[in-house]
Amino acid sequence: MLFDLAEICRMLQVSVPPSHAVADSLKFDGVSTLELAGETQLCFAERTEQAQAVRGSRAGAVIVPEDFPELEGCCLIRVPNARQGFFRVAAHFSPASGISGIHASAVVDDGAGLGADVAVGACAVISAGVTLGDRCVVGPGCYLGPGVVLGADCLLEANVSILRESVLGARCIVHAGSVIGSDGFGFAWDGSGHRKIPQLGRVVIEDDVDIGCNCCVDRATLGETRIRRGTKIDNLVQVAHNTDIGEHVILVSQSGVAGSSSVGTGAVIAGQVAISDHVNVGAGARVGGQSGVTKDVPAGATVFGTPARAMRDTLRELAALAQLPTLLKDVKRQSREIEALRERLARLEGPES
Amino acid sequence: MLFDLAEICRMLQVSVPPSHAVADSLKFDGVSTLELAGETQLCFAERTEQAQAVRGSRAGAVIVPEDFPELEGCCLIRVPNARQGFFRVAAHFSPASGISGIHASAVVDDGAGLGADVAVGACAVISAGVTLGDRCVVGPGCYLGPGVVLGADCLLEANVSILRESVLGARCIVHAGSVIGSDGFGFAWDGSGHRKIPQLGRVVIEDDVDIGCNCCVDRATLGETRIRRGTKIDNLVQVAHNTDIGEHVILVSQSGVAGSSSVGTGAVIAGQVAISDHVNVGAGARVGGQSGVTKDVPAGATVFGTPARAMRDTLRELAALAQLPTLLKDVKRQSREIEALRERLARLEGPES
Amino acid sequence: MLFDLAEICRMLQVSVPPSHAVADSLKFDGVSTLELAGETQLCFAERTEQAQAVRGSRAGAVIVPEDFPELEGCCLIRVPNARQGFFRVAAHFSPASGISGIHASAVVDDGAGLGADVAVGACAVISAGVTLGDRCVVGPGCYLGPGVVLGADCLLEANVSILRESVLGARCIVHAGSVIGSDGFGFAWDGSGHRKIPQLGRVVIEDDVDIGCNCCVDRATLGETRIRRGTKIDNLVQVAHNTDIGEHVILVSQSGVAGSSSVGTGAVIAGQVAISDHVNVGAGARVGGQSGVTKDVPAGATVFGTPARAMRDTLRELAALAQLPTLLKDVKRQSREIEALRERLARLEGPES
């Protein structure tokens, strides 16, 4: 993809900088940082203090706020919000998946239903009864089990496994190595061994959900494991059977939600958090990194610690804990002081007391 | 799979409910929850308070305890233990793997030995010297390295990697994306870099072990990493080199056992627990979620916290910690009180003291 | 591989033990532990107390320190450092990858550039613009995206995904199931949903880096995610976008480094540690297991806890915490004692005070 300055400015809905308005031959093939950019790349700067870095950059043009200082010899594109504008332009440079058509080595069952313009990578395997919406891209080495349904415009990166009867909505992205629809972890002790409880439910993922690399989303024992629309999941996250992850939730890397728990709309779960089974995290709640959530979290609350409690309380306890070694000494000294007072008092009181 | 009411009752070893004994045409094609079930699905209820939900359900029949109230118009199948009975029936509805025969795209080395009725999915790769027991199912995209041995009736889900010389017993299940037999993490600093210590041992997994998705079980440096029979491992679990995981152990999601440690028979390791290297967790021990086990845990003990100590002690400390902010104020006040007493005492004692 | 005693001694740069110097027919095909070794295997022992175990072992020969006791009938090979010597020999028994040539089922784009003696396993997929250095081994089921570059002598185990434009140096090892170069986790709320920030940077991994199984190394939003030479990463580790992992760093299993953070040369990050975003861990720092690093760690420091602070402080606080339940009682008793003193004092002072 190659865009000239006029095209870039059109994406940003601004006019071409006056300094470069005439006979400009700049062509852009990508975006980068001020430090790394070459002459054919675009950058952005947000703060006036970056003027020096902008001047030193080899970037072909820099997107800046409207009040950014003028810099002789630099092509500055002024917009209301430099960061947002930059990423709007950047999206035009995102490489396509690199996959088109059905690769000759892919194994697509005759009983699968493929929408228009579906792409299937090399050595991908698509089972009977699979339905792929228009423009879905299935990466190399992916496996889609019997009855899997993907809405339009889904992207599965390489080596993803989506197991039988899982349903994904439109515009979902599943990054490499993730597994959707595996058996929930359910066993009952039968006196001589852990007997497997059949896992007969399914996974339903709604529209616009992103799932990172090497994640696991387990099918329900009965009924559904559901991830609601707009939710974004980082790498190495565990979503257990029968969970209900609300809309627009953020699950950061290496966090885990145990069986039958729910996370409310817009909640933010930080990295390495564990949410126990049968717990409800309310809408808009925030759970601090590495917390262990063992009971319900009210909507809008911010919690932290293992076990998780109000962030404020945990921080107060941690601050107090830092004073504890000194406190121990203080109390010992007080003990001696009290003893000394008692002796002085006894002396004053005399033998008869 | 389609079963009629008489067949379901035979599975449960009970007689057909009198209300439906004559000319019954019910056919069942699955199981579900009371809320989601349709007319061709079976459910279960355990408590009398669920009577309302049973009445409202569209389920074709409901498995209930013997003393459950009679409900007009509902097909209730009475059994001694509703939950156990339900899952016994449910197992009959578990879909088969969907894989049969050796797929044309699978790459099976001529030097591999396949038992009777083995199934190998599309794009699976089976190396020289592999031995697969009867009725093993190897999912699509799996890789089995040289010399791997699987006992009868093993199931490998999609994209599993089992590396050279790993041995699995009968009836093991390995879920999608897991890696068995990779190199242990062993390095020695040679003055200029971390030099890799060759990892020459192997992994031995005994009968009836289940391993979740995207787990890692590393081969031993020398000798064996062993997971004993009946142990069940959840998703994203790390089992390092030279560990010995006992019989019927439970390792919950995102837990990790470091090199050369052991976990005794029947121990339960909760989610996100870390067990340090060269530590022994005794038989029947229970380790609470997110604990960090840094020293041996006695058999039967329940531990919690980082570092893990007796659950009782950790909980007592946590309860005490919650009182610490107040305690700090109390001690400060006492300090002032002692000072005040000292002054009053000095006044009483007069200038000569 | 089969070596005789003279060859083994040559590897160790020592002479053949006098007891076995003449007409020796010992042949070795592997290494093992004293307990498990057979007659064709080598072992090592480091301490004199192991003499009994050496005598009881069926090993064909045992590598021992120079001052180890002589044992009748045992073939002892004396070297300055038994452990180092053993692993030097052991490396000769490491099995080759088992992969040679380009497998017929591999999909190698015509536009890929392969060095001399490259091996590509079954069902591996190599995209256009990939460059593989001499003697690279690409395991079965791997996917290499467009423009990926590998230096000489890299080894990718099975089912690894290396996504577009990632660059690896020479002699890197990536274990099974890992994903290099996936999108960073970057979103901006646009008023109605989390909008994906395009991830346009890349991953650069320098020479001699090892990456464990089922790890994730995300590409930079802009610029680079960089892992510097000699660094060793265990299984299930998360390395987020725009991080800079220094030279010879150790990242133990299930640890995670969040976006834009850096880890200095030679730092050791223990298991299940979380390093927050935009944090710098100094060179040579050590972070204890399960710590949560929320602010910069000075070079050479040892930290522990969540949030991480100086190991010494955290341990002192933990020791103090163990005394807290008793302290609470002590302070309550002091309160009563102070009250008693106050009353006695009031009595002495009389009604006028």
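Protein chains in written order, with the numbering used here: chain A, 1 to 353; chain B, 1001 to 1353; chain C, 2001 to 2353. In this text, a Cβ means the ideal position worked out from N, Cα and C, and glycines have one as well. These numbers were taken from a predicted model, which means no experiment stands behind them.
Limits of the beta strand (DSSP E) - the one that residue 1218 of chain B falls within: Start at 1 with the first residue of the second sequence, and residue 1218 of chain B comes out as number 218. 1216 to 1218 is the extent of the beta strand (DSSP E) around residue 1218 of chain B.
Cross-chain neighbours of residue 1146 of chain B in chain C, by beta carbon under 8 Å: Translated into the one-based positions of the second sequence, residue 1146 of chain B becomes position 146. What residue 1146 of chain B touches in chain C: 2095, 2098.
Show which residues of chain A have a CB atom less than 8 Å away from the CB atom of residue 2274 of chain C. Against the third sequence, residue 2274 of chain C aligns to sequence position 274. In chain order: 254, 271, 272, 289, 290.
Compare the beta carbon distance of residue 2122 of chain C and residue 2106 of chain C with 8 Å and say whether it is the shorter of the two. Looking up residue 2122 of chain C in the third sequence gives position 122. Looking up residue 2106 of chain C in the third sequence gives position 106. Yes, Cβ-Cβ distance for residue 2122 of chain C and residue 2106 of chain C is below 8 Å.
Chain C contact residues for residue 1341 of chain B, given Cβ-Cβ distances below 8 Å: As a first step, residue 1341 of chain B is located in the second sequence; it is residue number 341 there, counting from the start. Within 8 Å Cβ-Cβ: 2338, 2341, 2342, 2345.
What is the C-beta distance between residue 1260 of chain B and residue 1277 of chain B, in whole angstroms, given that I count them as a contact (C-beta under 8 Å)? Working through the second sequence from its first residue, we reach residue 1260 of chain B at position 260. Working through the second sequence from its first residue, we reach residue 1277 of chain B at position 277. Their Cβ separation, rounded to whole angstroms, is 6 Å, which keeps residue 1260 of chain B and residue 1277 of chain B in contact under 8 Å.
Could you compute how far the alpha carbon of residue 1289 of chain B sits from the alpha carbon of residue 2255 of chain C? Translated into the one-based positions of the second sequence, residue 1289 of chain B becomes position 289. Translated into the one-based positions of the third sequence, residue 2255 of chain C becomes position 255. Looking at the two C-alpha atoms, the distance is approximately 17 Å.
State yes or no: is the beta carbon of residue 232 of chain A nearer than 8 Å to at least one beta carbon in chain C? Counting from 1 along the first sequence, the entry for residue 232 of chain A is found at position 232. Residue 232 of chain A counts as touching chain C.
What is the DSSP secondary structure of residue 2066 of chain C, reduced to helix, strand or coil? Here residue 2066 of chain C refers to the residue found at position 66 when the third sequence is read from its first residue. Residue 2066 of chain C: coil per DSSP, three-state reduction.
Which residues in the same chain as residue 125 of chain A place their Cβ atom closer than 6 Å to its Cβ, once the five residues preceding and following it in sequence are excluded? On the first sequence, position 125 is the one that residue 125 of chain A refers to. 107, 143.
Against residue 1316 of chain B, what residues of chain C qualify as contacts under a CB-to-CB distance less than 8 Å, listed in chain order? Numbered from its first residue, the second sequence carries residue 1316 of chain B at position 316. Under the 8 Å cutoff, chain C gives 2325.
What three-state label does DSSP hand residue 1099 of chain B in the structure shown? Numbered from its first residue, the second sequence carries residue 1099 of chain B at position 99. Looking at residue 1099 of chain B - three-state DSSP - the assignment turns out to be coil, as it is neither helix nor strand.
Grab me the residues of residue 220 of chain A's own chain with a C-beta within less than 6 Å of its C-beta, minus the 5 sequence neighbours each way, in chain order. Walking along the first sequence from the start, residue 220 of chain A turns up at place 220. Contacts found: 201, 241, 242.
Would you give the residue range spanned by the beta strand (DSSP E) that residue 188 of chain A belongs to? Translated into the one-based positions of the first sequence, residue 188 of chain A becomes position 188. 187 to 189 is the span of the beta strand (DSSP E), which, as asked, contains residue 188 of chain A.
Could you give the DSSP three-state label for residue 318 of chain A: helix, strand or coil? By 1-based counting over the first sequence, the position of residue 318 of chain A is 318. Residue 318 of chain A: helix per DSSP, three-state reduction.
Is residue 169 of chain A close to chain C? Criterion is C-beta to C-beta, closer than 8 Å. Numbered from 1 along the first sequence, position 169 holds the residue referred to as residue 169 of chain A. It does not: the Cβ of residue 169 of chain A has no partner Cβ on chain C nearer than 8 Å.
Interface positions of the region 38 to 51 of chain A facing chain C (Cβ-Cβ less than 7 Å), listed along the chain: none
Output yes or no for whether 8 Å exceeds the beta carbon distance between residue 2156 of chain C and residue 2138 of chain C. Within the third sequence, residue 2156 of chain C is the residue found at index 156, counting from 1. Within the third sequence, residue 2138 of chain C is the residue found at index 138, counting from 1. Yes.
Counting pairs of Cβ atoms below 8 Å between the region 59 to 70 of chain A and the region 2221 to 2241 of chain C, do you hit three or more? no
Simplified DSSP state of residue 41 of chain A, which is helix, strand or coil: On the first sequence, residue 41 of chain A is found 41 positions in, with the first residue counted as 1. Note: residue 41 of chain A maps to strand in three-state DSSP.
What are the start and end residues of each continuous beta strand (DSSP E) run of 3 or more residues lying completely inside the region 2212 to 2266 of chain C, in chain order? 2216 to 2218, 2224 to 2227
If you count every other CB in all the chains shown that lies within 10 Å of the CB of residue 5 of chain A, and 16 or more means buried, which is it? Mapped onto the first sequence, residue 5 of chain A falls at position 5. By the neighbour-count rule (16 or more Cβ atoms within 10 Å), residue 5 of chain A is buried.
Measure the beta-carbon distance from residue 209 of chain A to residue 227 of chain A and round it to whole angstroms, keeping in mind my assumption that it falls under 8 Å. For the purposes of this step, residue 209 of chain A is taken as the residue at position 209 of the first sequence. For the purposes of this step, residue 227 of chain A is taken as the residue at position 227 of the first sequence. So it is a contact: roughly 5 Å between Cβ atoms.
Going along the chain, which residues of the region 104 to 117 of chain A sit with their C-beta nearer than 8 Å to a C-beta in chain C? 105
Within 8 Å of any Cβ in chain C, is that where the Cβ of residue 1159 of chain B sits? Within the second sequence, numbered from 1, the residue matching residue 1159 of chain B stands at position 159. With 8 Å as the cut-off, residue 1159 of chain B counts as an interface residue toward chain C.
Give every residue of the same chain whose Cβ lies closer than 6 Å to the Cβ of residue 1177 of chain B, excluding the five residues on either side of it in the sequence, and list them in chain order. Counting from one through the second sequence, the residue named residue 1177 of chain B turns up at place 177. Same-chain partners within the cutoff: 1159, 1213, 1214.
Alpha carbon to alpha carbon, how far is residue 2229 of chain C from residue 94 of chain A? The residue you call residue 2229 of chain C lines up with position 229 of the third sequence. The residue you call residue 94 of chain A lines up with position 94 of the first sequence. Each residue's alpha carbon lies about 29 Å from the other.
Just checking my contact of residue 2297 of chain C with residue 2283 of chain C at CB under 8 Å: how many whole Å lie between their CB atoms? Taking the third sequence and counting its residues from 1, the one referred to as residue 2297 of chain C is at position 297. Taking the third sequence and counting its residues from 1, the one referred to as residue 2283 of chain C is at position 283. No, residue 2297 of chain C and residue 2283 of chain C are not in contact; Cβ-Cβ is about 10 Å, not under 8 Å.
Return the chain-ordered ranges of every beta strand (DSSP E) run that is complete within the region 258 to 309 of chain A and spans a minimum of 3 residues. 302 to 304
Tell me which residues share the same chain as residue 1034 of chain B and place their Cβ nearer than 8 Å to its Cβ, disregarding the 5 neighbours each side in the sequence. Along the second sequence, one-based indexing puts residue 1034 of chain B at 34. Same-chain partners within the cutoff: 1043, 1045, 1050, 1053, 1054, 1056, 1057, 1059, 1062.
Which value, in whole angstroms, describes the spacing of the CA atoms of residue 1353 of chain B and residue 321 of chain A? Position 353 of the second sequence, counted from the first residue, corresponds to residue 1353 of chain B. Position 321 of the first sequence, counted from the first residue, corresponds to residue 321 of chain A. Confidence is the limiting factor: at residue 1353 of chain B the pLDDT is only 44, short of 50, which leaves the residue's position unreliable, though a coordinate-based value still follows. The alpha-carbon atoms of residue 1353 of chain B and residue 321 of chain A are separated by roughly 40 Å.
Extent of the continuous beta strand (DSSP E) run through residue 1194 of chain B: In the second sequence, the residue the question calls residue 1194 of chain B occupies position 194. It spans 1194 to 1196 - the beta strand (DSSP E) in which residue 1194 of chain B sits, taken as one unbroken run.
Determine, using beta carbons only, whether residue 164 of chain A comes closer than 8 Å to chain B. One-based indexing of the first sequence puts residue 164 of chain A at position 164. Yes, contact with chain B.
Buried or exposed for residue 264 of chain A, please, with buried defined as at least 16 other CB atoms from any protein chain shown within 10 angstroms of its CB. Start at 1 with the first residue of the first sequence, and residue 264 of chain A comes out as number 264. The residue in question, residue 264 of chain A, is buried, as its Cβ has 16 or more Cβ neighbours within 10 Å.
For residue 12 of chain A, does the three-state DSSP call read helix, strand or coil? Within the first sequence, residue 12 of chain A is the residue found at index 12, counting from 1. Looking at residue 12 of chain A - three-state DSSP - the assignment turns out to be helix.
From the DSSP output, which residues share a beta bridge with residue 1202 of chain B? As a first step, residue 1202 of chain B is located in the second sequence; it is residue number 202 there, counting from the start. B:1224, per the DSSP bridge assignment.
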